[in-house]
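Everything on this sheet refers to the single structure shown next.
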Amino acid sequence: MASFLRTASRVRPAAFRSITRPSSKIAIPAVPTALHRHMASAAAAAATSSDASEQPFFPDEPRGPTVKTAIPGPKSSEAIDKLSKVFETRSLNMMANYQTSIGNYISDLDGNVLLDVYAQIASIPVGYNNPNLLKAATSPEMASALINRPALGNFPQHDWADILETGILKVAPKGLNQVFTSQSGSDANELAYKAAFMWKRQQERGGAHVDFTHAEISSAMQNASPGAPDLSILSFESAFHGRLFGSLSTTRSKPIHKLDIPAFNWPQAPFPACKYPLDEHGAENAAEEQRCLDETERLIKEWPQPPAAVVVEPIQSEGGDNHASPAFFQGLRALTRKHGVLFIVDEVQTGVGATGKFWAHEHWNLADPPDMVTFSKKAQTAGYYFGNKELRPNKPYRQFNTWMGDPARALLFRAIVQEIERLGLVENTAVVGDYLYGGLERLAQRYPEEIRNLRGKGQGTFLAWDSPRRDEVLKKAKTVGVNIGGSGESAVRLRPMLIFQKHHADILLESLEKIFKS
């Protein structure tokens, strides 16, 4: 073990050299291409339109994208063919080279370097090959966590509480001081649902001290009531909460996610179909939100399988980047309190700073916190936060699996939190988001057919708009050096990293205008 750790410490400086000095791997041609001339213009515009005093978080980043070949190019195509023989590639977006990617830029095997505003489906928080994350990844503490991965429920490591308190719990949502760690966002929601069901039945049974009946024990083994109770989780139309069995029954975004998979008979309430910008359609949106709240209450009261919890995303992400006002979520919280139903907020995609708050539900100014908040993606780990001790099952092994999380990933999240705090990245995202939104507003005025229903004002860089030729826009973006994603049927969604700055926004805006002109 000691030898292994010494080797890791010797390797670290070499790794830093290859990452923080990328010019030898990310080549910028001496003779500018048309794209380089365009990006040089973007850089010049950035110097005048963005804050001239802005200091880059990644000084060694490329000055702009580089596109040398079609994407995929010949080397990437060869790698894709090789991979397709052993792994599913039909959903492949881009074959990346992570050894040469840096900061906000993702590269491939053919030397193409793209400004990445999709960031692994909103999962990279502080940049590719972040030096401080590399330090954490090559530390003796991380090496031990990787090669001695514990079954946390049975054999937690001696410093697990310290790891949680200095990382995951350090940034816990207000009022939630406990956590159950897991593997992914789907897993986090699945476990939160289980916690809700067990809590509900404990309440109906008379409390955690009341033991199970013989009828409950015997019927549970037959997948029958009362041991397998007829309860549900209420979700919303166009929601996405994952692809496991329980979470998939609350996912309503696309049929392809659900086809051929047995599902529970659980209720779905309408999510407000608001008009944008939200603040310019206050009365209409308030009426629509009240309609949805009324229907939600009816379903809570009348659904044959009573809901144990309501789960909602602060912004419906996969479903099309659908927004609602704080008043809607305040009303939803009031309904769950009124009817004794738990309130689960799915922050898998919105959490960890992307909306200009560490947790998106902070924008709601709730009188009391959600019962559970699920997280993953930018956290690079997963789980659910809670505060009520009654959400711990009354007996061991009821909420359990071999790993129950991963200390290595928890250590990485701790390093991410430290980097976010060191650089003030939540505040940066709020400021840059306002700057980017203003630029998109100006583009929408010039190209109203290209940018429709611009949304996300005041929500950091968590921005989106509808495009009548969305798929074409996403494809053309790569030709001008930008990796961008979509959601729903027609939305273009922006999911840049927390280190995305105003000069990156300028490059993105010029690239979008180039696409709109084509």
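Numbers 254 to 771, taken from our numbering, label the letters of the sequence shown in order.
Beta carbons: idealized from backbone N, C-alpha and C, even for Gly.
Mind checking who residue i pairs with in its DSSP beta bridge?
i: N736; result: D369
i: W718; result: V745
i: F361; result: Residue identity differs from the one stated: residue 361 is Asp in this sequence, not Phe. DSSP output for D361 lists A349 as bridge partner(s).
i: S435; result: A635
i: Q712; result: BP columns for Q712 are empty, so no partner.
Can you grab the Cα-Cα spacing for the pair residue i / residue j, in whole Å?
i: A295; j: I760; result: Unreliable positioning characterises A295 in this predicted model, as indicated by a pLDDT of 39, which lies under 50. The coordinate reading is nonetheless provided below. Distance between the alpha carbons of A295 and I760: 5 Å.
i: P508; j: S344; result: 16 Å
i: L619; j: R316; result: 42 Å
i: Y371; j: V745; result: 10 Å
i: E766; j: N357; result: 20 Å
i: A390; j: L422; result: 20 Å
i: K427; j: V626; result: 10 Å
i: N350; j: A587; result: 48 Å
i: T589; j: E537; result: 24 Å
i: Q521; j: R695; result: 37 Å
i: T655; j: K511; result: 27 Å
i: D724; j: A477; result: 46 Å
i: D363; j: S329; result: 7 Å
i: S397; j: L417; result: 16 Å
i: L487; j: V563; result: 5 Å
i: D599; j: A635; result: 11 Å
i: V339; j: E331; result: 14 Å
i: E542; j: Q583; result: 11 Å
i: H576; j: K710; result: 10 Å
i: G535; j: Q671; result: 39 Å
i: F581; j: P525; result: 9 Å
i: Q456; j: G741; result: 38 Å
Spatial neighbours of residue i within its chain, please: C-beta separation below 6 Å, excluding the five flanking residues on both sides.
i: Q431; result: F639
i: A298; result: Confidence at A298 is low in this model, with a pLDDT of 42, below 50, so its placement is unreliable and the value that follows should be read with caution. Excluding positions up to five away in sequence, the list reads D759.
i: P523; result: E490, C545, E548
i: L405; result: M657, G658
i: R748; result: Y371, A372, A375
i: H291; result: Bear in mind that a pLDDT of 39 at H291, under 50, signals an unreliable position, so the number given afterwards is only what the model happens to contain. So the list is empty, once near-sequence residues are dropped.
i: R662; result: Q633, T634
i: S764; result: V733, V735
i: P646; result: M451, Q652
Using a Cβ-Cβ cutoff of less than 7 Å, which residues in the same chain neighbour residue i once the five nearest sequence positions on both sides are dropped?
i: I768; result: V726, K729, A730, V733
i: P701; result: none
i: S439; result: G495, R496, L497, S500
i: A683; result: G609, G713
i: A414; result: none
i: R454; result: P482
i: S435; result: A441, L444, A635, G636, G658
i: G573; result: S491, S740, G741, E742, A744
Kindly list the residues whose CB is nearer than 8 Å to the CB of residue i, restricted to its own chain and excluding five residues on each side of it in sequence; keep chain order.
i: I470; result: G480
i: N736; result: N346, M347, I359, L367, L368, D369, V370, Y371, A730
i: S720; result: E703, I704, R705, V726, S743, A744, V745
i: P660; result: A398, R402, P403, L405, Q410, W413, I416
Compute the beta-carbon to beta-carbon distance between residue i and residue j, rounded to the nearest angstrom, for a pair I have assumed lies under 8 Å.
i: P559; j: L484; result: 6 Å
i: D624; j: N641; result: 7 Å
i: N706; j: Y446; result: The Cβ separation is near 32 Å, so there is no contact.
i: I514; j: L501; result: 6 Å
i: S437; j: S629; result: 6 Å
i: Q754; j: T608; result: Not really, about 17 Å apart at Cβ, beyond 8 Å.
i: L689; j: L664; result: 32 Å between Cβ atoms; not a contact.
i: I568; j: A613; result: 7 Å
i: I752; j: F310; result: 4 Å
i: A561; j: F450; result: 5 Å
i: Y637; j: A441; result: 5 Å
i: W519; j: E643; result: The Cβ separation is near 23 Å, so there is no contact.
i: Q652; j: F433; result: 7 Å
i: G420; j: F666; result: 5 Å
Tell me where the beta strand (DSSP E) around residue i begins and ends.
i: L487; result: 485-489
i: G636; result: 635-639
i: T503; result: Careful: T503 lies outside any beta strand (DSSP E), inside the alpha helix (DSSP H) at 498-503.
i: P560; result: 560-565
i: M625; result: 625-628
How is the alpha helix (DSSP H) around residue i delimited, first residue to last?
i: T589; result: 579-591
i: L595; result: Run containing L595: none in the alpha helix (DSSP H); it sits in the beta strand (DSSP E), 595-599.
i: L707; result: Premise fails: L707 lies in the beta strand (DSSP E), 705-708, not in any alpha helix (DSSP H).
i: I553; result: 535-555
i: V684; result: 678-699
i: S478; result: Where S478 is concerned, there is no enclosing alpha helix (DSSP H), given that its DSSP letter is neither H nor E.
i: M750; result: Run containing M750: none; DSSP gives neither H nor E here.
i: E615; result: That residue, E615, is in no alpha helix (DSSP H); it is neither H nor E in DSSP.
i: I509; result: 508-511
i: A414; result: 413-419
i: K338; result: No alpha helix (DSSP H) contains K338, which DSSP labels as neither H nor E.
i: T657; result: Sequence inspection shows Met at residue 657; the Thr mentioned does not correspond to that position. First-last for M657: undefined, no H or E at that position.
i: H467; result: 467-473
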